[in-house]
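As given, the protein sequences belong to chains A and B, one line each in that order.
Quick note on the working numbering: the first sequence kicks off at 1214 and runs consecutively.
Quick note on the working numbering: the second sequence kicks off at 1214 and runs consecutively.
All C-beta atoms, glycine included, are put in the ideal place defined by N, C-alpha and C.
2 protein chains.
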Amino acid sequence: MPSPTYQRIADDLRRSIVDGVLAPGAKVPSRHELARQYDVSDRVAVEAVRLLVAEGFVEARSGSGSYVRQRPERQRLTRSWYTSRRGGSPFRADMAAAGIPGTWESSTERVPMTPAIAARLGAQPDAPAMRTVYTFLGGGRPVMLSVSWEPAELTSGTAIMFPEEGPHAGKGVVERMAVVGQRITHAEEIVTARPALASEAERLNMRPGGTVITIARTYRTDERAVETADIVLPAERYAVAYDVPVRQGSLT
Amino acid sequence: MPSPTYQRIADDLRRSIVDGVLAPGAKVPSRHELARQYDVSDRVAVEAVRLLVAEGFVEARSGSGSYVRQRPERQRLTRSWYTSRRGGSPFRADMAAAGIPGTWESSTERVPMTPAIAARLGAQPDAPAMRTVYTFLGGGRPVMLSVSWEPAELTSGTAIMFPEEGPHAGKGVVERMAVVGQRITHAEEIVTARPALASEAERLNMRPGGTVITIARTYRTDERAVETADIVLPAERYAVAYDVPVRQGSLT
DNA sequence: TCGAATTTGTGCGTATGTATC
DNA sequence: GGATACATACGCACAAATTCG
Chain A
1214 MPSPTYQRIA
1224 DDLRRSIVDG
1234 VLAPGAKVPS
1244 RHELARQYDV
1254 SDRVAVEAVR
1264 LLVAEGFVEA
1274 RSGSGSYVRQ
1284 RPERQRLTRS
1294 WYTSRRGGSP
1304 FRADMAAAGI
1314 PGTWESSTER
1324 VPMTPAIAAR
1334 LGAQPDAPAM
1344 RTVYTFLGGG
1354 RPVMLSVSWE
1364 PAELTSGTAI
1374 MFPEEGPHAG
1384 KGVVERMAVV
1394 GQRITHAEEI
1404 VTARPALASE
1414 AERLNMRPGG
1424 TVITIARTYR
1434 TDERAVETAD
1444 IVLPAERYAV
1454 AYDVPVRQGS
1464 LT
Chain B
1214 MPSPTYQRIA
1224 DDLRRSIVDG
1234 VLAPGAKVPS
1244 RHELARQYDV
1254 SDRVAVEAVR
1264 LLVAEGFVEA
1274 RSGSGSYVRQ
1284 RPERQRLTRS
1294 WYTSRRGGSP
1304 FRADMAAAGI
1314 PGTWESSTER
1324 VPMTPAIAAR
1334 LGAQPDAPAM
1344 RTVYTFLGGG
1354 RPVMLSVSWE
1364 PAELTSGTAI
1374 MFPEEGPHAG
1384 KGVVERMAVV
1394 GQRITHAEEI
1404 VTARPALASE
1414 AERLNMRPGG
1424 TVITIARTYR
1434 TDERAVETAD
1444 IVLPAERYAV
1454 AYDVPVRQGS
1464 LT
């Protein structure tokens, strides 16, 4: 069972691209040319190029041509405890490491928890929560989305009720929760990847169908979960770095 | 600028799927039916369904029909130090947690380091290394790939030269390196996601174009890097979990 | 500024092969 | 074996964007 023709053409072009024969920015043969070169109908050439576009190798500009995409360099997001020291935000520290000014916009609302969030926070479904929606900006452009949930029970009526208002704004969850006596000792982060939702792709300036990394983060004290967030970032532009301490098994 | 017809059809179907109107396993209208319903050519219906297939919402079975795919449940891979205790392998522990027997195949060769690997290990390019290629199996099926590199200088001529042979086979890097006096204290893991290479998709039983999570892991002592590995797993079937210790800033 | 050529995006109708039921 | 459905392919057409003389 031979590969279909459009696959074979796509394979040829893909190899040329990864081998550098077709450099980033270079023009991919137009569909007329491909059709001629491979002696096929123009529709087949269209399918081949369409595949490469879906894979992110090629960017097609209507009226102009199709060009080899330059993949952006991946920026590293450090997700370890020591970036949250010094009262700064981890996000700002990461951006600073890349020489980019990091800022964010947010809005907070009091809403009932969804069932999934309630499970993560160990609360009753529909328990009241403060939900804060963040858009993180690197150099003014949106680069990361996050939705954070805190049990209203913990913060209602305190100075940290609204995460991004008051004297503790922008200080990070660990310091804020300390204000109400919650001593966070660790965070759980569950990382995976999936296709971007249409709304996410639009907000993050991604091509539709691109993939995002998601991090489900839950901050905990030794007793309970005090905050959980869903973080979304474009997989093409980011990698997340963890430092995992290794304890030698002294009992073996 | 109205969306093209095939997009509109795909949008309708996608919404039906995520809303549950079309349940997993349900049959998607055939292209003839779609063409009739939307009063378009069958080619347009083909494009619409093809899009959903590429997005992973639909599985097309030739001769039978197109069906709503049920997304597999994500299995959690715990990547924290405490799973490596007790002399077992972290992978086997994770699989056991899911009730699946975990095994692996491997082969080891002495080869020079690639430039990228040498940089990760802090070695000269082309320095000799022991490279071990793993295929991890869950219930007999391949679920994870990994390529591990160790500086030959550390293990040459010792009992742990071949990671999967001898008395220390299958014990994990931490215990093996302890045998040659290397006390591993932490691991760095850099996580990201990208489209699967054709060879990876085939080995992992993924659909072509699917996305994989990659983990670049480096084990270190306090002095140096002693092992590094590239781990590849299907994003649809896995999530990786980290437990991040949080140190309260006592100096602030 | 205009207009022609090029290129992509989308669409139509048809045809053939093959897998499934 | 026949009906159905998907996969691939051909050839053509037109709109919109871009390029360039």
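query, result
"Tell me the rounded alpha-carbon separation between Ala1340 (chain B) and Ala1406 (chain A).", "35 Å"
"State buried or exposed for Ser1279 (chain B), treating a residue as buried only when at least 16 other CB atoms are found within 10 Å of its CB.", "buried"
"What's the gap between the Cα of Thr1431 (chain A) and the Cα of Ala1236 (chain A)?", "43 Å"
"Return the residue from the list A:Leu1417, A:Val1266, A:Pro1421, A:His1381 that minimises the CA-CA distance to Gly1353 (chain A).", "A:Leu1417"
"Skipping 5 residues on each side, what residues in its chain have a beta carbon closer than 7 Å to that of Glu1322 (chain A)?", "Arg1344"
"At 8 Å on the CB atoms, spell out the chain B contacts of Ala1183 (chain A), in chain order.", "The structure shown has nothing for residue 1183 (chain A), since chain A only spans 1214 to 1465."
"Across which residues does DSSP place Tyr1455 (chain B) in a beta bridge pair?", "A:Glu1402"
"Compute the Euclidean distance between the alpha carbons of Phe1349 (chain A) and Leu1334 (chain A), then round it to the nearest angstrom.", "24 Å"
"Quick one: complete beta strand (DSSP E) runs, 3+ long, within the region 1362-1410 of chain A?", "1399-1408"
"So is Thr1398 (chain B) in contact with chain A if we call contact Cβ pairs under 7 Å?", "yes"
"Cα separation between Thr1327 (chain A) and Val1459 (chain B)?", "27 Å"
"Please state whether DSSP places Val1234 (chain A) in a helix, a strand or coil.", "coil"
"Measuring CB to CB, does Ala1454 (chain B) end up less than 7 Å from Ile1330 (chain A)?", "no"
"Output yes or no for whether 7 Å exceeds the beta carbon distance between Arg1396 (chain B) and Thr1434 (chain B).", "yes"
"I need the DSSP call for Met1419 (chain B), collapsed to helix, strand or coil.", "coil"
"Please classify Met1326 (chain A): does DSSP put it in a helix, a strand, or coil?", "coil"
"Since Glu1440 (chain A) sits in a beta bridge, which residues does DSSP pair it with?", "A:Tyr1432"
"If you compare alpha carbons, which of A:Pro1447, A:Glu1413, A:Leu1265, A:Glu1388 is closest to Ala1223 (chain A)?", "A:Leu1265"
"For Pro1314 (chain A), which of helix, strand or coil comes out of DSSP?", "coil"
"Compare the Cα-Cα distances from Gly1385 (chain A) to each of A:Ala1239, A:Glu1268, A:Glu1440, A:Ala1261 and report the closest residue.", "A:Glu1440"
"Among the residues of its own chain, which have a CB less than 8 Å from the CB of Gly1422 (chain A), if the five just before and after it don't count?", "Ala1267, Pro1408, Ala1409, Ala1414"
"Sorted by chain position, which residues of the same chain lie with C-beta nearer than 7 Å to Ser1229 (chain B)'s C-beta, five sequence neighbours on each side aside?", "Leu1235"
"Should Arg1244 (chain A) and Asp1252 (chain A) be called a contact, given that it needs their Cβ atoms to be closer than 7 Å?", "no"
"Just the C-alpha distance for Ala1391 (chain A) and Ile1373 (chain B), rounded to the nearest angstrom, thanks.", "47 Å"
"For the beta strand (DSSP E) holding Val1271 (chain B), just list the boundary residues, first then last.", "1271-1274"
"Using DSSP with H/G/I as helix, E/B as strand and the rest coil, what is Gln1220 (chain B)?", "helix"
"If you drop the 5 nearest sequence neighbours on each side, which residues of the same chain put their C-beta closer than 6 Å to that of Val1259 (chain B)?", "Arg1244"
"Please decide whether Asp1255 (chain B) counts as near chain A, where near means a Cβ-Cβ distance under 7 Å.", "no"
"Out of B:Val1257, B:Ala1438, B:Glu1272, which one is the CA nearest neighbour of Ala1342 (chain B)?", "B:Ala1438"
"Checking the sheet assignment: what are the DSSP bridge partners for Tyr1280 (chain B)?", "B:Lys1240, B:Glu1272"
"Who are Pro1341 (chain A)'s beta bridge partners in DSSP?", "A:Pro1325"
"Could you say which of A:Gly1269, A:Arg1284, A:Thr1291, A:Pro1303 lies nearest to Gly1383 (chain A) if we only look at CA atoms?", "A:Pro1303"
"What residues in the region 1238-1269 of chain A have a beta carbon less than 9 Å from any beta carbon of chain B?", "Leu1264, Ala1267, Glu1268, Gly1269"
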